[in-house]
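Position 265, counted from 1, in the sequence shown is what this note's numbering calls 356; the numbers after and before it change by one each time, with no gaps.
Below is one structure, written out as C-alpha coordinates, with a few remarks after it.
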Amino acid sequence: MIHLDYTYALKRKNEGGIEEGELEDVLKKLEKINREIQEKPYPFMELPFMSYELEEMKELAASLREKPISDVVLLGIGGSSLGAETLFRAILSPEHNLKHRPRYWVLDNVDPITVSAAIETIEKEKTLLIVVSKSGETPETLSQFMLFKEILEGVKDIKEKIVIITDKKRGLLKRIAEKEGYPSLSVPDGVGGRFSVLSPVGMFPALIMGIEVDEILEGARRMAEHIREKRREENIAFVLSALLYLTDKKGKKNHVIMPYCDRLSGFSQWFRQLEAESLGKEGKGPTPISSRGVTDQHSQLQLYTEGPKDKFIIFIYVPSQGPIVPQSFPYIHEISYLSGKGLEKLFHSELKGTMFSLVEASVPVSEVWIDSISPYTIGALFYLFEMAIVFFGRLLNVNPFDQPGVEKGKMYTKALMGLEGEESLKKMIAELSREKFTVSF
92 MIHLDYTYAL KRKNEGGIEE GELEDVLKKL EKINREIQEK PYPFMELPFM
142 SYELEEMKEL AASLREKPIS DVVLLGIGGS SLGAETLFRA ILSPEHNLKH
192 RPRYWVLDNV DPITVSAAIE TIEKEKTLLI VVSKSGETPE TLSQFMLFKE
242 ILEGVKDIKE KIVIITDKKR GLLKRIAEKE GYPSLSVPDG VGGRFSVLSP
292 VGMFPALIMG IEVDEILEGA RRMAEHIREK RREENIAFVL SALLYLTDKK
342 GKKNHVIMPY CDRLSGFSQW FRQLEAESLG KEGKGPTPIS SRGVTDQHSQ
392 LQLYTEGPKD KFIIFIYVPS QGPIVPQSFP YIHEISYLSG KGLEKLFHSE
442 LKGTMFSLVE ASVPVSEVWI DSISPYTIGA LFYLFEMAIV FFGRLLNVNP
492 FDQPGVEKGK MYTKALMGLE GEESLKKMIA ELSREKFTVS F
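Below is the structure:
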(Lines of atoms letter the chains of each structure in order from A; the text may use other names.)
(Lines give C-alpha, C1' and ligand atoms only; values in the text may rest on other atoms or scores of the structure.)
Protein backbone atom coordinates (compact mmCIF):
# COMPACT_ATOMS: atom_id res chain seq x y z
CA MET A 92 0.00 0.00 0.00
CA ILE A 93 1.00 3.59 -0.67
CA HIS A 94 -0.46 6.36 1.48
CA LEU A 95 -0.28 10.14 1.00
CA ASP A 96 -0.66 12.19 4.20
CA TYR A 97 -1.14 15.84 3.23
CA THR A 98 -2.38 17.09 6.60
CA TYR A 99 0.46 19.57 6.98
CA ALA A 100 0.12 20.95 3.47
CA LEU A 101 -3.28 22.42 4.39
CA LYS A 102 -3.85 25.91 5.73
CA ARG A 103 -5.83 24.66 8.74
CA LYS A 104 -2.68 22.90 10.04
CA ASN A 105 0.07 25.04 8.54
CA GLU A 106 0.12 28.80 7.94
CA GLY A 107 2.07 28.22 4.74
CA GLY A 108 -0.40 25.63 3.45
CA ILE A 109 -3.17 25.72 0.87
CA GLU A 110 -6.87 26.39 1.38
CA GLU A 111 -9.11 23.35 1.24
CA GLY A 112 -11.50 25.17 -1.09
CA GLU A 113 -8.65 25.68 -3.57
CA LEU A 114 -7.78 22.00 -3.34
CA GLU A 115 -11.38 20.99 -3.99
CA ASP A 116 -11.56 23.23 -7.06
CA VAL A 117 -8.42 21.70 -8.55
CA LEU A 118 -9.62 18.15 -7.80
CA LYS A 119 -12.78 18.92 -9.79
CA LYS A 120 -10.65 20.09 -12.72
CA LEU A 121 -8.51 16.97 -12.50
CA GLU A 122 -11.55 14.75 -12.63
CA LYS A 123 -12.48 16.31 -15.97
CA ILE A 124 -8.89 16.13 -17.23
CA ASN A 125 -8.70 12.47 -16.23
CA ARG A 126 -11.84 11.60 -18.18
CA GLU A 127 -10.31 13.16 -21.28
CA ILE A 128 -7.02 11.32 -20.79
CA GLN A 129 -8.64 7.95 -20.12
CA GLU A 130 -10.64 8.25 -23.35
CA LYS A 131 -7.43 8.73 -25.31
CA PRO A 132 -4.52 7.44 -23.16
CA TYR A 133 -0.96 8.61 -23.66
CA PRO A 134 1.32 5.83 -24.97
CA PHE A 135 3.23 5.41 -21.68
CA MET A 136 -0.06 4.59 -19.93
CA GLU A 137 -0.32 1.39 -21.99
CA LEU A 138 3.08 0.03 -20.93
CA PRO A 139 1.90 -2.04 -17.93
CA PHE A 140 -0.54 -3.88 -20.20
CA MET A 141 1.79 -4.78 -23.13
CA SER A 142 2.17 -8.51 -22.44
CA TYR A 143 3.59 -9.40 -25.87
CA GLU A 144 6.64 -7.17 -25.32
CA LEU A 145 7.15 -8.71 -21.88
CA GLU A 146 7.30 -12.21 -23.36
CA GLU A 147 9.87 -11.09 -25.93
CA MET A 148 12.01 -9.59 -23.16
CA LYS A 149 11.72 -12.70 -21.01
CA GLU A 150 12.80 -14.98 -23.84
CA LEU A 151 15.84 -12.85 -24.62
CA ALA A 152 16.82 -12.50 -20.96
CA ALA A 153 16.46 -16.25 -20.38
CA SER A 154 18.66 -17.08 -23.37
CA LEU A 155 21.37 -14.65 -22.27
CA ARG A 156 21.31 -15.88 -18.66
CA GLU A 157 22.02 -19.45 -19.80
CA LYS A 158 25.69 -18.48 -19.78
CA PRO A 159 27.43 -16.99 -16.73
CA ILE A 160 27.23 -13.19 -16.49
CA SER A 161 29.63 -11.46 -14.12
CA ASP A 162 28.86 -7.84 -15.00
CA VAL A 163 25.91 -6.01 -16.52
CA VAL A 164 26.98 -2.65 -17.95
CA LEU A 165 24.12 -0.29 -18.74
CA LEU A 166 25.02 2.54 -21.10
CA GLY A 167 22.41 5.29 -21.17
CA ILE A 168 21.71 8.74 -19.83
CA GLY A 169 18.69 10.48 -18.31
CA GLY A 170 15.51 8.50 -18.84
CA SER A 171 17.50 5.74 -20.52
CA SER A 172 19.16 4.80 -17.23
CA LEU A 173 17.51 6.48 -14.22
CA GLY A 174 14.55 4.11 -14.08
CA ALA A 175 16.66 0.95 -14.18
CA GLU A 176 19.10 2.37 -11.65
CA THR A 177 16.19 3.25 -9.35
CA LEU A 178 15.02 -0.36 -9.55
CA PHE A 179 18.50 -1.74 -8.88
CA ARG A 180 18.95 0.44 -5.80
CA ALA A 181 15.46 -0.21 -4.47
CA ILE A 182 15.14 -3.96 -4.99
CA LEU A 183 18.68 -5.31 -4.85
CA SER A 184 20.54 -5.34 -1.55
CA PRO A 185 22.83 -2.37 -0.75
CA GLU A 186 25.84 -4.69 -0.81
CA HIS A 187 24.80 -6.45 -4.02
CA ASN A 188 27.93 -5.67 -6.04
CA LEU A 189 30.17 -6.76 -3.18
CA LYS A 190 28.53 -10.13 -2.57
CA HIS A 191 26.57 -11.15 -5.66
CA ARG A 192 26.83 -11.68 -9.41
CA PRO A 193 26.13 -10.26 -11.82
CA ARG A 194 27.29 -6.87 -10.64
CA TYR A 195 25.62 -3.86 -12.21
CA TRP A 196 27.25 -0.74 -13.62
CA VAL A 197 25.12 2.21 -14.69
CA LEU A 198 27.35 4.48 -16.76
CA ASP A 199 25.17 7.56 -17.20
CA ASN A 200 28.06 9.97 -17.64
CA VAL A 201 31.16 10.26 -19.78
CA ASP A 202 33.49 11.16 -16.93
CA PRO A 203 36.71 9.48 -18.13
CA ILE A 204 37.74 8.36 -14.63
CA THR A 205 34.43 6.63 -13.88
CA VAL A 206 34.30 4.92 -17.27
CA SER A 207 37.93 3.81 -17.00
CA ALA A 208 37.32 2.35 -13.54
CA ALA A 209 34.46 0.24 -14.87
CA ILE A 210 36.53 -0.93 -17.83
CA GLU A 211 39.36 -2.01 -15.54
CA THR A 212 37.04 -3.87 -13.14
CA ILE A 213 34.64 -5.87 -15.30
CA GLU A 214 35.30 -9.47 -16.33
CA LYS A 215 35.23 -8.91 -20.08
CA GLU A 216 34.50 -12.53 -21.07
CA LYS A 217 31.38 -12.55 -18.89
CA THR A 218 30.12 -8.99 -19.39
CA LEU A 219 26.73 -8.13 -20.87
CA LEU A 220 26.43 -4.68 -22.42
CA ILE A 221 22.98 -3.04 -22.56
CA VAL A 222 22.96 0.07 -24.73
CA VAL A 223 19.91 2.32 -24.36
CA SER A 224 18.93 5.41 -26.35
CA LYS A 225 15.44 6.23 -27.59
CA SER A 226 16.77 8.37 -30.45
CA GLY A 227 19.70 6.08 -31.09
CA GLU A 228 21.89 9.14 -31.54
CA THR A 229 22.81 10.24 -28.01
CA PRO A 230 26.51 11.22 -28.31
CA GLU A 231 27.42 10.20 -24.74
CA THR A 232 25.93 6.74 -25.16
CA LEU A 233 27.37 6.23 -28.64
CA SER A 234 30.87 7.19 -27.50
CA GLN A 235 30.69 4.79 -24.56
CA PHE A 236 29.35 2.04 -26.80
CA MET A 237 32.23 2.45 -29.24
CA LEU A 238 34.69 2.24 -26.35
CA PHE A 239 33.19 -0.92 -24.89
CA LYS A 240 32.77 -2.57 -28.28
CA GLU A 241 36.50 -2.21 -28.86
CA ILE A 242 37.22 -3.62 -25.39
CA LEU A 243 34.99 -6.63 -26.03
CA GLU A 244 36.48 -7.36 -29.47
CA GLY A 245 37.84 -10.88 -29.48
CA VAL A 246 35.47 -12.07 -26.78
CA LYS A 247 33.75 -15.30 -27.78
CA ASP A 248 30.14 -14.94 -28.97
CA ILE A 249 30.29 -11.14 -28.84
CA LYS A 250 26.86 -10.88 -30.46
CA GLU A 251 25.44 -12.48 -27.33
CA LYS A 252 27.18 -9.89 -25.15
CA ILE A 253 25.47 -6.76 -26.51
CA VAL A 254 21.78 -5.80 -26.40
CA ILE A 255 20.48 -2.57 -27.91
CA ILE A 256 17.27 -0.83 -26.81
CA THR A 257 16.21 1.96 -29.14
CA ASP A 258 13.56 3.17 -31.59
CA LYS A 259 12.01 0.34 -33.57
CA LYS A 260 12.55 1.95 -37.00
CA ARG A 261 15.11 4.75 -37.02
CA GLY A 262 18.35 6.04 -35.51
CA LEU A 263 22.01 5.11 -35.60
CA LEU A 264 21.73 2.41 -32.93
CA LYS A 265 18.99 0.70 -34.91
CA ARG A 266 21.23 0.69 -37.99
CA ILE A 267 24.13 -0.70 -35.97
CA ALA A 268 21.99 -3.47 -34.44
CA GLU A 269 20.75 -4.56 -37.85
CA LYS A 270 24.20 -4.40 -39.48
CA GLU A 271 26.07 -6.18 -36.66
CA GLY A 272 23.33 -8.66 -35.78
CA TYR A 273 22.97 -7.62 -32.15
CA PRO A 274 19.70 -8.52 -30.43
CA SER A 275 17.55 -5.44 -29.96
CA LEU A 276 14.39 -4.36 -28.18
CA SER A 277 12.20 -1.40 -29.07
CA VAL A 278 11.10 1.65 -27.14
CA PRO A 279 7.38 1.90 -27.99
CA ASP A 280 6.30 4.76 -30.25
CA GLY A 281 5.36 7.93 -28.42
CA VAL A 282 7.11 6.97 -25.18
CA GLY A 283 9.84 9.42 -24.16
CA GLY A 284 12.80 8.51 -22.00
CA ARG A 285 11.55 9.84 -18.67
CA PHE A 286 8.25 7.95 -19.08
CA SER A 287 9.89 4.72 -20.30
CA VAL A 288 10.81 2.87 -17.10
CA LEU A 289 7.94 0.37 -17.56
CA SER A 290 9.05 -0.36 -21.14
CA PRO A 291 12.06 -2.50 -22.17
CA VAL A 292 14.23 0.48 -21.13
CA GLY A 293 13.69 -0.36 -17.45
CA MET A 294 12.18 -3.83 -17.54
CA PHE A 295 14.86 -5.64 -19.55
CA PRO A 296 17.78 -4.62 -17.29
CA ALA A 297 15.58 -5.58 -14.32
CA LEU A 298 14.95 -9.03 -15.82
CA ILE A 299 18.66 -9.57 -16.38
CA MET A 300 19.31 -8.70 -12.72
CA GLY A 301 16.67 -11.18 -11.56
CA ILE A 302 14.06 -8.63 -10.46
CA GLU A 303 10.41 -9.75 -10.62
CA VAL A 304 9.18 -7.66 -13.52
CA ASP A 305 5.70 -9.24 -13.46
CA GLU A 306 5.21 -7.77 -9.98
CA ILE A 307 6.45 -4.33 -11.07
CA LEU A 308 3.92 -4.24 -13.89
CA GLU A 309 1.15 -5.61 -11.68
CA GLY A 310 1.73 -2.75 -9.23
CA ALA A 311 1.57 -0.27 -12.09
CA ARG A 312 -1.64 -1.86 -13.41
CA ARG A 313 -3.31 -1.64 -10.00
CA MET A 314 -2.31 2.01 -9.71
CA ALA A 315 -3.66 2.66 -13.21
CA GLU A 316 -7.00 1.13 -12.18
CA HIS A 317 -7.08 3.26 -9.03
CA ILE A 318 -6.43 6.44 -11.01
CA ARG A 319 -9.02 5.53 -13.62
CA GLU A 320 -11.77 4.71 -11.11
CA LYS A 321 -11.35 6.81 -7.96
CA ARG A 322 -12.87 10.27 -7.64
CA ARG A 323 -11.48 13.53 -6.31
CA GLU A 324 -9.99 13.26 -2.81
CA GLU A 325 -10.00 9.43 -3.01
CA ASN A 326 -7.64 9.52 -5.99
CA ILE A 327 -4.04 9.61 -4.79
CA ALA A 328 -2.70 10.91 -8.12
CA PHE A 329 -5.24 13.76 -8.16
CA VAL A 330 -4.28 14.85 -4.65
CA LEU A 331 -0.53 14.61 -5.29
CA SER A 332 -0.83 16.57 -8.53
CA ALA A 333 -3.05 19.21 -6.93
CA LEU A 334 -0.55 19.69 -4.11
CA LEU A 335 2.32 20.11 -6.57
CA TYR A 336 0.30 22.55 -8.68
CA LEU A 337 -1.14 24.68 -5.86
CA THR A 338 2.15 25.01 -3.98
CA ASP A 339 3.84 26.06 -7.22
CA LYS A 340 1.04 28.55 -7.85
CA LYS A 341 1.57 30.01 -4.36
CA GLY A 342 5.25 30.66 -5.03
CA LYS A 343 6.67 27.40 -3.65
CA LYS A 344 8.88 27.09 -6.71
CA ASN A 345 11.17 24.45 -5.21
CA HIS A 346 9.77 20.95 -4.77
CA VAL A 347 11.94 18.86 -2.47
CA ILE A 348 11.52 15.10 -2.51
CA MET A 349 13.17 13.62 0.56
CA PRO A 350 13.06 9.85 1.10
CA TYR A 351 13.94 8.56 4.54
CA CYS A 352 15.08 5.33 2.94
CA ASP A 353 18.47 4.93 1.28
CA ARG A 354 17.03 2.38 -1.13
CA LEU A 355 14.80 5.11 -2.60
CA SER A 356 17.59 7.64 -3.16
CA GLY A 357 17.49 6.71 -6.84
CA PHE A 358 13.76 7.40 -6.96
CA SER A 359 14.25 11.02 -5.91
CA GLN A 360 16.75 11.47 -8.75
CA TRP A 361 14.34 9.83 -11.20
CA PHE A 362 11.58 12.21 -10.05
CA ARG A 363 13.92 15.17 -10.41
CA GLN A 364 14.23 14.53 -14.14
CA LEU A 365 10.54 13.71 -14.50
CA GLU A 366 9.35 17.01 -13.05
CA ALA A 367 12.12 19.26 -14.40
CA GLU A 368 12.11 18.04 -17.99
CA SER A 369 8.34 17.64 -18.22
CA LEU A 370 7.31 21.02 -16.81
CA GLY A 371 10.26 23.40 -17.13
CA LYS A 372 9.24 25.31 -20.25
CA GLU A 373 7.58 28.54 -21.35
CA GLY A 374 8.85 30.22 -18.19
CA LYS A 375 6.89 27.78 -16.04
CA GLY A 376 7.70 24.85 -13.82
CA PRO A 377 9.10 24.28 -10.32
CA THR A 378 12.67 23.29 -9.53
CA PRO A 379 12.78 19.73 -8.15
CA ILE A 380 15.40 19.06 -5.47
CA SER A 381 16.61 15.59 -4.56
CA SER A 382 17.25 15.34 -0.84
CA ARG A 383 17.93 12.45 1.57
CA GLY A 384 16.87 11.92 5.13
CA VAL A 385 18.39 12.05 7.64
CA THR A 386 21.66 13.08 5.99
CA ASP A 387 20.41 16.31 4.47
CA GLN A 388 18.91 17.51 7.74
CA HIS A 389 22.54 18.41 8.38
CA SER A 390 23.13 20.14 5.05
CA GLN A 391 19.86 21.58 3.71
CA LEU A 392 17.33 21.82 6.54
CA GLN A 393 18.63 25.18 7.73
CA LEU A 394 17.74 26.65 4.33
CA TYR A 395 14.37 24.93 4.23
CA THR A 396 13.44 26.16 7.70
CA GLU A 397 14.75 29.73 7.78
CA GLY A 398 15.51 30.52 4.15
CA PRO A 399 13.06 31.80 1.51
CA LYS A 400 9.54 30.41 1.92
CA ASP A 401 9.56 28.97 -1.59
CA LYS A 402 9.58 25.24 -0.88
CA PHE A 403 7.16 22.32 -0.74
CA ILE A 404 8.63 19.16 0.76
CA ILE A 405 7.49 15.59 0.14
CA PHE A 406 8.89 13.03 2.56
CA ILE A 407 8.88 9.34 1.63
CA TYR A 408 9.02 6.78 4.41
CA VAL A 409 9.21 2.98 4.49
CA PRO A 410 9.02 1.20 7.88
CA SER A 411 11.86 -1.23 8.44
CA GLN A 412 13.49 -3.31 11.13
CA GLY A 413 17.00 -2.75 12.39
CA PRO A 414 19.39 -3.19 15.29
CA ILE A 415 18.70 -1.99 18.83
CA VAL A 416 21.05 0.63 20.24
CA PRO A 417 22.79 -0.92 23.30
CA GLN A 418 23.48 0.78 26.61
CA SER A 419 27.18 1.10 25.93
CA PHE A 420 27.94 3.98 28.32
CA PRO A 421 25.59 3.69 31.35
CA TYR A 422 27.55 6.32 33.23
CA ILE A 423 26.62 9.03 30.69
CA HIS A 424 23.02 9.97 31.46
CA GLU A 425 22.72 12.38 28.54
CA ILE A 426 22.62 9.55 25.96
CA SER A 427 20.46 7.12 27.92
CA TYR A 428 17.39 8.18 25.88
CA LEU A 429 18.92 6.37 22.88
CA SER A 430 19.62 3.08 24.67
CA GLY A 431 17.22 0.22 24.09
CA LYS A 432 15.63 1.94 21.09
CA GLY A 433 15.82 0.62 17.55
CA LEU A 434 17.39 2.59 14.71
CA GLU A 435 13.94 2.38 13.09
CA LYS A 436 12.44 4.47 15.92
CA LEU A 437 15.25 7.02 15.63
CA PHE A 438 14.83 7.13 11.83
CA HIS A 439 11.10 7.81 12.04
CA SER A 440 11.52 10.27 14.91
CA GLU A 441 14.02 12.19 12.79
CA LEU A 442 11.46 12.44 9.99
CA LYS A 443 8.66 13.55 12.31
CA GLY A 444 10.91 16.01 14.12
CA THR A 445 11.98 17.52 10.82
CA MET A 446 8.39 17.69 9.64
CA PHE A 447 7.15 19.48 12.77
CA SER A 448 10.02 21.97 12.66
CA LEU A 449 9.06 22.82 9.07
CA VAL A 450 5.38 23.14 9.97
CA GLU A 451 6.33 25.55 12.75
CA ALA A 452 8.25 27.53 10.11
CA SER A 453 5.14 27.57 7.83
CA VAL A 454 6.71 25.32 5.18
CA PRO A 455 4.09 23.02 3.58
CA VAL A 456 4.97 19.33 3.76
CA SER A 457 3.44 15.97 2.87
CA GLU A 458 4.43 12.39 3.54
CA VAL A 459 4.25 9.40 1.21
CA TRP A 460 4.16 6.28 3.37
CA ILE A 461 4.96 2.95 1.68
CA ASP A 462 4.22 -0.21 3.67
CA SER A 463 7.24 -2.02 2.23
CA ILE A 464 9.62 -1.90 -0.70
CA SER A 465 8.85 -4.56 -3.27
CA PRO A 466 8.69 -4.77 -7.05
CA TYR A 467 4.90 -4.32 -6.73
CA THR A 468 5.05 -1.09 -4.70
CA ILE A 469 7.86 0.36 -6.83
CA GLY A 470 5.81 -0.27 -9.98
CA ALA A 471 2.84 1.49 -8.41
CA LEU A 472 5.05 4.36 -7.25
CA PHE A 473 6.48 4.92 -10.73
CA TYR A 474 3.03 5.04 -12.32
CA LEU A 475 1.62 7.31 -9.59
CA PHE A 476 4.28 9.98 -10.03
CA GLU A 477 4.20 9.78 -13.83
CA MET A 478 0.46 10.41 -13.85
CA ALA A 479 0.72 13.16 -11.22
CA ILE A 480 3.23 15.02 -13.40
CA VAL A 481 1.05 14.61 -16.50
CA PHE A 482 -1.92 16.05 -14.59
CA PHE A 483 0.32 18.88 -13.32
CA GLY A 484 1.35 19.62 -16.91
CA ARG A 485 -2.27 19.83 -18.02
CA LEU A 486 -3.02 22.25 -15.17
CA LEU A 487 -0.04 24.40 -16.22
CA ASN A 488 -1.04 24.11 -19.88
CA VAL A 489 2.39 22.85 -20.94
CA ASN A 490 3.30 19.78 -22.97
CA PRO A 491 4.92 17.35 -20.50
CA PHE A 492 6.35 15.13 -23.24
CA ASP A 493 8.87 17.32 -25.10
CA GLN A 494 12.21 18.85 -24.07
CA PRO A 495 13.29 21.52 -26.58
CA GLY A 496 15.87 22.98 -24.18
CA VAL A 497 17.68 19.65 -23.97
CA GLU A 498 17.72 19.27 -27.74
CA LYS A 499 19.41 22.66 -28.18
CA GLY A 500 22.22 21.62 -25.83
CA LYS A 501 22.71 18.42 -27.82
CA MET A 502 23.06 20.43 -31.02
CA TYR A 503 25.78 22.62 -29.51
CA THR A 504 27.62 19.54 -28.23
CA LYS A 505 27.62 17.96 -31.68
CA ALA A 506 28.88 21.19 -33.22
CA LEU A 507 31.73 21.35 -30.71
CA MET A 508 32.63 17.74 -31.51
CA GLY A 509 32.89 18.59 -35.21
CA LEU A 510 29.65 17.24 -36.65
CA GLU A 511 29.22 18.38 -40.23
CA GLY A 512 26.32 20.64 -41.11
CA GLU A 513 26.21 22.72 -37.92
CA GLU A 514 27.99 25.76 -39.35
CA SER A 515 25.64 28.36 -37.87
CA LEU A 516 26.13 26.94 -34.38
CA LYS A 517 29.89 26.77 -34.86
CA LYS A 518 29.83 30.44 -35.83
CA MET A 519 27.80 31.27 -32.72
CA ILE A 520 30.24 29.31 -30.53
CA ALA A 521 33.20 31.16 -32.04
CA GLU A 522 31.49 34.49 -31.37
CA LEU A 523 30.68 33.61 -27.75
CA SER A 524 34.21 32.31 -27.16
CA ARG A 525 35.98 35.38 -28.52
CA GLU A 526 36.38 37.19 -25.19
CA LYS A 527 36.94 35.50 -21.81
CA PHE A 528 37.11 36.69 -18.21
CA THR A 529 38.93 34.30 -15.87
CA VAL A 530 40.79 34.28 -12.58
CA SER A 531 43.26 31.63 -11.45
CA PHE A 532 45.08 30.44 -8.37
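All residues carry an ideal CB built from backbone N, CA and C; glycine is no exception.
Listed in chain order, the non-local C-beta contacts of I255 below 6 Å within the same chain comprise V222, L264, A268, Y273, S275, local neighbours out to five positions each way being set aside. Secondary structure of D258 (DSSP, three-state): strand.
A contact between stretches requires three or more CB pairs, one per stretch, nearer than 8 Å, and the segment 305-321 fails this requirement with the segment 358-378. DSSP, reduced to helix, strand and coil, places I109 within a strand of the structure shown. The three-state secondary structure of P230, taken from DSSP, is helix. Take D462, set aside five residues on each side of it, and the residues of its chain with a beta-carbon closer than 6 Å to its own are M92, in chain order. Beta-carbon to beta-carbon, W361 and G167 are separated by about 13 Å, too far to satisfy the 8 Å threshold. Nearest Cα to A152 within the set M300, G444, K270: M300. In this structure, the alpha-carbon of K436 lies about 14 Å from that of T445. Look at the segment 421-457 and you find these whole runs of alpha helix (DSSP H), each 4 residues long or longer: 434-451. Every beta strand (DSSP E) stretch that sits fully inside the segment 117-186 and reaches 3 residues is listed by chain position as 162-166. Distance from the Cα of D199 is smallest, within the candidate group H187, P291, S224, N490, for S224.
Burial of P379 is indicated by the presence of at least 16 other C-beta atoms within 10 angstroms of its C-beta. Its Cα nearest to that of L178, the residue Y195 stands out among Y195, D162, K190, L189. By the C-beta criterion, the segment 349-363 is judged to be in contact with the segment 383-398, since at least 3 inter-stretch pairs fall below 8 Å. Shown here for E513: same chain residues with a beta carbon closer than 7 Å to its own, the five before and five after excluded, namely M502, K505, A506 in chain order.
By the Cβ criterion, the segment 394-405 is in contact with the segment 336-346, since at least three pairs of Cβ atoms, one from each stretch, lie closer than 8 Å. Burial state of L510 is exposed, judged by a 10 Å Cβ sphere holding fewer than 16 other Cβ atoms. Judged by DSSP in its simplified three-state form, T378 adopts strand.
DSSP places M508 outside any alpha helix (DSSP H), giving it a letter other than H or E. Per DSSP, P203 lies in no beta strand (DSSP E) segment; the continuous alpha helix (DSSP H) that holds it begins and ends at 203-212. DSSP places D280 in no alpha helix (DSSP H); its state is neither H nor E. Here P134 has P279, D280, G281, V282 as same chain residues with Cβ atoms under 7 Å from its own Cβ, once five neighbours each way along the sequence are excluded. Contact annotation: the segment 135-151 does not touch the segment 177-193, with fewer than three C-beta pairs closer than 8 Å. When Cβ pairs closer than 8 Å are counted between the two stretches, the segment 408-419 is seen to touch the segment 427-436, the count reaching three or more. Collapsing the DSSP output to three states places N188 in a helix. Taking the Cα of F483 as reference, the smallest distance to any Cα among G284, G293, I128, T529 is reached at I128. Below 8 Å, enough C-beta pairs join the segment 321-330 and the segment 466-483 to call them touching: three or more. By the C-beta criterion, the segment 156-167 is judged to be in contact with the segment 213-220, since at least 3 inter-stretch pairs fall below 8 Å. Apart from sequence neighbours up to five positions away, the residues of its chain that approach A471 with a beta-carbon distance below 8 Å are I93, G310, A311, R313, M314, ordered along the chain. Here L298 really is in contact with K149; their C-beta atoms are around 6 Å apart, less than 8 Å. Per DSSP, L219 lies in no alpha helix (DSSP H); the unbroken beta strand (DSSP E) holding it starts and ends at 218-223.
The beta carbon of F239 lies closer than 6 Å to those of L220 in the same chain, with the five residues before and after it left out. Selection K102, S290, E397, L118 evaluated against E146 yields S290 as nearest (Cα-Cα).
In the structure shown, D248 adopts coil according to DSSP, grouped into three states. Of all alpha-carbon atoms in P495, G245, K250, the one lying nearest the alpha-carbon of S154 is that of K250.
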